[in-house]
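Enquirer: The opening position of the sequence shown corresponds to residue 6 in our numbering, with each subsequent residue numbered one higher.
Could you have a look at this structure, given as structure tokens, before my questions?
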Amino acid sequence: MSSTLTRPVTPPGAVRDPVAPRRRTRIFALPQARWAAAALVLFLIALPLQLLGAPAWAWGPLYALTYITGGWEPGWAGLQALKDRALDVDLLMVVAALGAAALGQVLDGALLIVIFATSGALEAIATARTADSVRGLLDLAPATATRLSGGGAEETVPTEQLAVGDVILVRPGERVGADSRVREGASEVDQATITGEPLPVAKAAGDEVFAGTLNGTGALTVRVERDPSDSVIARIVQMVEEASETKAPTQLFIEKVEQRYSLGMVAATLALFAVPLLLGAALQPTLLRAMTFMIVASPCAVVLATMPPLLSAIANAGRHGVLIKSAVVMERLGQVDAVALDKTGTLTEGTPRVTDVCPLNHSGLTEEALLTLAAAAEHPSEHPLARAVADAARKRGLELPAVQDFASTPGTGVTATVDGRTVAVGSPDRLREPHPDHPATALATRLEEAGRTAVLVEVDGSAVGVLGIADRLREDATATVAALTTLTGTAPVLLTGDNPRAARLLAAEVGITDVRAGLLPQDKVTAVKEMEGAGRKVLVVGDGVNDAPALAAAHTAVAMGRAGSDLALETADSVVVRDELATIPTAVSLSRRARRLVVQNLVIAGVFITGLVVWDLVGTLPLPLGVAGHEGSTVIVGLNGLRLLRDAAWRSARDHA
6 MSSTLTRPVT PPGAVRDPVA PRRRTRIFAL PQARWAAAAL VLFLIALPLQ
56 LLGAPAWAWG PLYALTYITG GWEPGWAGLQ ALKDRALDVD LLMVVAALGA
106 AALGQVLDGA LLIVIFATSG ALEAIATART ADSVRGLLDL APATATRLSG
156 GGAEETVPTE QLAVGDVILV RPGERVGADS RVREGASEVD QATITGEPLP
206 VAKAAGDEVF AGTLNGTGAL TVRVERDPSD SVIARIVQMV EEASETKAPT
256 QLFIEKVEQR YSLGMVAATL ALFAVPLLLG AALQPTLLRA MTFMIVASPC
306 AVVLATMPPL LSAIANAGRH GVLIKSAVVM ERLGQVDAVA LDKTGTLTEG
356 TPRVTDVCPL NHSGLTEEAL LTLAAAAEHP SEHPLARAVA DAARKRGLEL
406 PAVQDFASTP GTGVTATVDG RTVAVGSPDR LREPHPDHPA TALATRLEEA
456 GRTAVLVEVD GSAVGVLGIA DRLREDATAT VAALTTLTGT APVLLTGDNP
506 RAARLLAAEV GITDVRAGLL PQDKVTAVKE MEGAGRKVLV VGDGVNDAPA
556 LAAAHTAVAM GRAGSDLALE TADSVVVRDE LATIPTAVSL SRRARRLVVQ
606 NLVIAGVFIT GLVVWDLVGT LPLPLGVAGH EGSTVIVGLN GLRLLRDAAW
656 RSARDHA
């Protein structure tokens with residue numbers, strides 16, 4: 006069991022690691038964001054002027070500036086791609102927008118420009134923020150460490166200069182400089198950043214400690230076992246970066262289609278213009294036919310066929326506390342057919358709470374009296390278990406007496422004088438020699454078998470009661486697991502760094518049978534890759550730094566917002582802002598409905614485009630009719646997609662989850 010700790014105090018002469026400032030790229034530091042914002046503002050000024058009947062000189066220049074600010078960057082990038090003999094849809098969209106403007110469809114072209122400029126800006130922001138979080142993770146490891154020489158002399162050295170076999174001193178309140186093994190000393194180490202365990206872990210000689218984890222009140226002498234560049238923290242950074250750079254098969258397929266479509270449309274337009282001229286056709290009608298083809302074959306309707314349903318679903322999910330980072334994520338979310346859940350902070354609240362107050366029969370104490378003594382002794386401490394005991398007393402409205410002679414012993418617990426009596430609170434195993442026949446020992450064993458952390462309370466050297474403390478299950482955890490099981494056809498998998506017994510007990514409570522406990526970050530990644538290797542599209546839900554590699558490796562990833570680490574929030578594809586687990590299956594269901602609407606819209610757009618193109622090729626399609634058909638299909642698919650903005654769409658998705 007983890008003992009109670011006081012607030013870490015820096016001893017004389019020790020230097021605490023400075024808290025590194027958070028590295029976060031400002032949105033408007035990105036040129037893509039600045040150009041997209043300028044294009045959007047210009048468009049929003051020009052649009053009402055045109056709709057209200059203002060003269061063309063009032064809104065025309067504004068639209069022209071919209072084209073320039075929003076279109077020059079993708080246009081230039083497209084031209085650069087031509088040097089590598091590649092043609093992308095972004096360049097095609099700019100050309101289509103200019104073609105639309107040439108035929109008088111200035112609004113249509115400007116809207117295309119704004120859509121693509123905004124999409125590029127969002128992608129740039131997401132990439133920058135993920136990079137910020139990966140770099141910020143490196144700040145968990147201290148910049149320097151205290152290395153001990155053979156004679157015991159201390160030397161402060163940069164952590165990157167540490168080598169395997171070096172012996173370093175980790176003072177109270179300092180972070181461990183490298184993955185090491187304890188040689189001397191006893192303390193408790195908060196290693197939630199690595200394993201996700203909610204409570205500090207007692208460490209003694211022979212135990213392993215990880216770089217970046219926070220030491221408690223005891224001093225540790227440790228021997229470096231891994232080069233700092235190969236530490237667990239460094240490997241997490243590497244895995245996140247590698248997974249972020251990997252393209253999904255769907256993305257590769259889209260890129261191939263994009264090339265073929267772009268080349269085909271350009272070739273068809275040029276052929277439609279050049280061939281008739283070579284055969285003696287007049288220039289003006291030939292140009293008009295080619296430009297009409299450019300308009301009716303323009304992918305505006307195809308773009309709107311995809312984006313409105315997905316963006317509407319994103320907006321609807323956002324109103325209900327689920328932040329979906331992109332339209333691609335919203336589409337992928339509906340494809341998942343397997344789920345992997347973290348335990349601490351995901352299925353549970355991540356905060357220990359007192360669940361049992363058990364005074365021994367011979368003590369003569371009531372539950373309130375026992376809790377009052379324990380809370381009074383624990384009150385000066387900042388250990389999570391101590392806060393849990395104090396919070397329990399406060400919620401019951403108990404008044405705590407004054408405390409004297411408070412003392413905390415790493416790995417054991419606390420002692421204090423309360424109303425003239427010596428009260429000790431701590432681990433049943435470490436506070437005193439365990440006696441199997443003692444009622445307190447039997448009670449502690451029973452609580453631990455039920456998944457609780459047992460805390461023994463003694464008064465003047467005699468055991469008077471035991472407290473049970475546990476991380477409370479989220480209220481909607483069981484219903485969420487059931488809903489995800491229904492949606493995917495298989496029960497979720499539990500991936501946790503916590504101990505197997507606690508993991509199995511919680512899994513049984515929520516209906517999970519596949520439990521994988523005691524996992525380090527790389528183990529979670531391995532589990533996710535095994536599931537995906539079996540052909541599954543895995544949704545991973547987590548909250549900690551230790552979950553980030555698995556989140557990055559998954560087909561789709563969701564992070565818990567309130568307690569989630571910066572890296573988890575940036576690595577994940579979506580964030581549950583209010584930590585409401587029940588919104589996850591609803592979001593999956595909403596994504597599947599959005600994907601169905603996308604298919605409907607693509608069929609509608611395809612029918613219109615095909616019909617208009619055939620008409621233009623085999624007959625004489627009047628330009629106004631071509632524009633009307635093109636715009637009509639755009640409006641239809643746009644309105645169809647906007648249906649998902651309604652609250653009724655969220656309620657329907659929730660009912661079908």
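Cβ coordinates follow ideal geometry from the N, Cα and C atoms, glycine included.
If you measure from the CB of residue 109, is any heavy atom of the ligand GDP nearer than 8 angstroms?
Expert: What this structure holds is no ligand at all, so the ligand GDP is not there to describe.
Enquirer: Can you list, in chain order, the residues of its chain with a C-beta nearer than 6 angstroms to that of residue 68? Leave out the 5 residues immediately preceding and following it.
Expert: If we look at residue 68 and ignore the five residues flanking it on each side, its Cβ neighbours are 51, 111, 115.
Enquirer: Please work out which residues of its chain come closer than 7 angstroms, Cβ to Cβ, to residue 631, disregarding the five sequence neighbours upstream and downstream, and give them in chain order.
Expert: Only 297, 300, 301, 617, 621 meet the Cβ criterion.
Enquirer: Just to confirm, is the Cβ distance from residue 206 to residue 167 under 9 angstroms?
Expert: The answer is no: Cβ separation not under 9 angstroms.
Enquirer: What is the DSSP secondary structure of residue 176, reduced to helix, strand or coil?
Expert: Correct three-state label for residue 176: coil.
Enquirer: Taking only the alpha-carbon atoms, compute the straight-line gap between residue 515 and residue 486 and give it to the nearest angstrom.
Expert: When rounded, the distance between both Cα atoms is 7 angstroms.
Enquirer: Express the C-alpha separation of residue 86 and residue 608 in angstroms, rounding to a whole number.
Expert: Rounded to whole angstroms, residue 608 to residue 86 spans 31 angstroms at the Cα level.
Enquirer: How about the segment 443 to 458 and the segment 474 to 484: do they share at least three Cβ pairs that are nearer than 8 angstroms?
Expert: With a cut-off of 8 angstroms, the segment 474 to 484 and the segment 443 to 458 count as touching, because enough Cβ pairs lie within range.
Enquirer: Taking the alpha-carbon of residue 119 as reference, which of 45, 151, 379, 165 has the nearest alpha-carbon?
Expert: Measuring from the Cα of residue 119, the nearest candidate turns out to be 45.
Enquirer: Can you name the residues that DSSP bridges to residue 565?
Expert: Paired residues: 581.
Enquirer: Residue 411 lies in the beta strand (DSSP E); which residues open and close that run?
Expert: Looking at the DSSP string, the run of the beta strand (DSSP E) that includes residue 411 is 408 to 414.
Enquirer: Does the pairing of the segment 308 to 327 with the segment 649 to 657 give three or more beta-carbon distances under 8 angstroms?
Expert: The segment 308 to 327, when compared against the segment 649 to 657, does touch it at the 8 angstroms Cβ threshold.
Enquirer: Taking all protein chains shown into account, decide if residue 336 is buried (16 or more other Cβ within 10 angstroms of its Cβ) or exposed.
Expert: The residue in question, residue 336, is buried, as its Cβ has 16 or more Cβ neighbours within 10 Å.
Enquirer: Considering only DSSP beta bridges, list what residue 476 is partnered with.
Expert: According to DSSP, which records beta bridges pairwise, residue 476 is partnered with 357.
Enquirer: Between which residues of its own chain and residue 658 is the CB-CB distance below 7 angstroms, once the five residues before and five after are set aside?
Expert: The residues are 591, 594, 595, 598.
Enquirer: Determine the burial state of residue 185: buried for a count of at least 16 other Cβ atoms within 10 Å of its Cβ, exposed for fewer.
Expert: Label assigned to residue 185: buried.
Enquirer: With burial defined as no fewer than 16 other Cβ atoms inside 10 Å of the residue's Cβ, what is the status of residue 480: buried or exposed?
Expert: It is exposed - the Cβ of residue 480 has fewer than 16 other Cβ atoms within 10 Å.
Enquirer: Once DSSP output is grouped into helix, strand and coil, what is the label at residue 274?
Expert: If DSSP states are grouped into helix, strand and coil, residue 274 belongs with the helices.
Enquirer: Report the option in 295, 421, 221 whose CA atom is closest to the CA atom of residue 626.
Expert: Closest option to residue 626, Cα to Cα, is 295.
Enquirer: Here's a check: name, in chain order, each residue in its chain whose Cβ is nearer than 7 angstroms to the Cβ of residue 38, leaving out the five neighbours to either side.
Expert: Counting only Cβ-Cβ distances below 7 angstroms, and skipping sequence neighbours, we find 32, 126, 129, 130.
Enquirer: Would you mind sorting residue 436 into buried or exposed? The rule is 16 or more other CB atoms within 10 Å of its CB.
Expert: Below a pLDDT of 50, predicted positions are generally treated as unreliable, and residue 436, at 47, falls in that range; the measurement from the model is reported next regardless. Residue 436 should be labelled buried.
Enquirer: Alpha carbon to alpha carbon, what distance is there between residue 471 and residue 358?
Expert: Distance between the alpha carbons of residue 358 and residue 471: 14 angstroms.
Enquirer: Using 9 angstroms as the threshold, is the C-beta distance between residue 381 and residue 406 below it?
Expert: Yes, these two residues count as a Cβ contact at 9 angstroms.
Enquirer: To test your reading of the DSSP string, which unbroken alpha helix (DSSP H) runs of 4 or more residues are found completely within the segment 508 to 556?
Expert: Runs found: 526 to 538.
Enquirer: So is residue 27 buried or exposed if we call it buried at 16+ other beta carbons inside 10 Å?
Expert: Only weak support exists for where residue 27 lies, its pLDDT of 46 falling under 50; the value from the coordinates is given anyway. When all chains shown are included, residue 27 counts as exposed.
Enquirer: Tell me whether residue 208 sits in a helix, a strand or coil according to DSSP, three-state version.
Expert: DSSP places residue 208 in strand when its eight states are reduced to three.
Enquirer: Which residues in the same chain have their Cβ closer than 6 angstroms to the Cβ of residue 385, if we skip the five residues on either side of it in sequence?
Expert: The residues are 411.
Enquirer: So, using beta-carbon positions, are residue 545 and residue 562 closer together than 9 angstroms?
Expert: Taking 9 angstroms as the Cβ cut-off, residue 545 and residue 562 qualify as a contacting pair.
Enquirer: What's the call for residue 236, buried or exposed, on a 16-neighbour Cβ count within 10 Å?
Expert: It is buried - the Cβ of residue 236 has at least 16 other Cβ atoms within 10 Å.
Enquirer: The beta strand (DSSP E) spanning residue 222 covers which residue range?
Expert: Careful: residue 222 lies outside any beta strand (DSSP E) and carries neither H nor E.
Enquirer: For residue 366, count neighbouring Cβ atoms within 10 angstroms of its own Cβ and tell me buried if that reaches 16, exposed if not.
Expert: Exposed, because fewer than 16 other Cβ atoms sit within 10 Å of the Cβ of residue 366.
Enquirer: Under a three-way DSSP split, which group does residue 403 fall into?
Expert: Correct three-state label for residue 403: coil.
Enquirer: Tell me whether residue 154 is buried or exposed, calling it buried when 16 or more other Cβ atoms sit within 10 Å of its Cβ.
Expert: When all chains shown are included, residue 154 counts as exposed.
Enquirer: Using 9 angstroms as the threshold, is the C-beta distance between residue 508 and residue 518 below it?
Expert: Going by C-beta atoms, residue 508 is not nearer than 9 angstroms to residue 518.
Enquirer: Quick one: grab the DSSP three-state call for residue 150.
Expert: It is a strand residue.
Enquirer: Going along the chain, which residues of its own chain have a beta-carbon closer than 7 angstroms to the beta-carbon of residue 482, five neighbours each way excluded?
Expert: Correct list, in chain order: 352, 515, 586.
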